[in-house]
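Before any comments, here is the structure.
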Amino acid sequence: MGDGSKDSAMAWLLLWTLNNVGVTLLNKSAFAKVDFKYPYFLSFVHMFCNSIGSSIVFWSIARDNARLKADNTATPGKLQQLLGQIHRKELDTTGKRSILVFSIIF
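The sequence shown: position 105 = 500 (the numbering used here), numbered continuously.
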């Protein structure tokens with residue numbers, strides 16, 4: 396992994412963290428103004444939407460990678476132009492531990 400990909404990974408991690416903090420603050424604001432008695436349900440809805448969105452992004456990237464592999468003259472789709480080249484990799488023990496820590500924090 397070169398320096399550019401580390402910078403990109405750090406930028407996406409920072410964006411993901413800021414997004415989660417923003418959703419948390421939005422939830423706190425909603426709970427302060429409205430007598431909403433189901434905070435776990437709201438968290439479930441947010442996580443469900445995040446999972447669906449992530450699945451769509453990775454599905455789109457996998458489809459685009461297959462298209463690029465089949466046709467060498469093809470150009471990357473809009474999503475890959477925006478996000479850059481993304482390849483899913485298996486996490487090592489340190490990576491799995493990091494995901495667990497971030498899951499507990501947020």
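The beta-carbon is built from N, C-alpha and C at its ideal position, and this holds for glycine as well.
Practice task
Would you mind stating whether G472 and D487 have Cβ atoms separated by less than 8 Å?
Solution key: no
Next item on the list: Look at L478 and A469 and say whether their C-beta atoms are less than 8 Å apart.
Entry: no
Based on Cα-Cα distance, which residue from T419, F439, A457 and A406 lies nearest to I500? T419
Collapsed DSSP secondary structure at T412 in the structure displayed: helix
Excluding the five sequence neighbours on either side, which residues of its own chain have a C-beta within less than 8 Å of the C-beta of T489, listed in chain order?
none
**Asked** Roughly how many whole angstroms lie between the Cα atoms of F431 and R492?
**Response** 34 Å
Along the chain, where does the alpha helix (DSSP H) that runs through N460 open and close? P434 to A465
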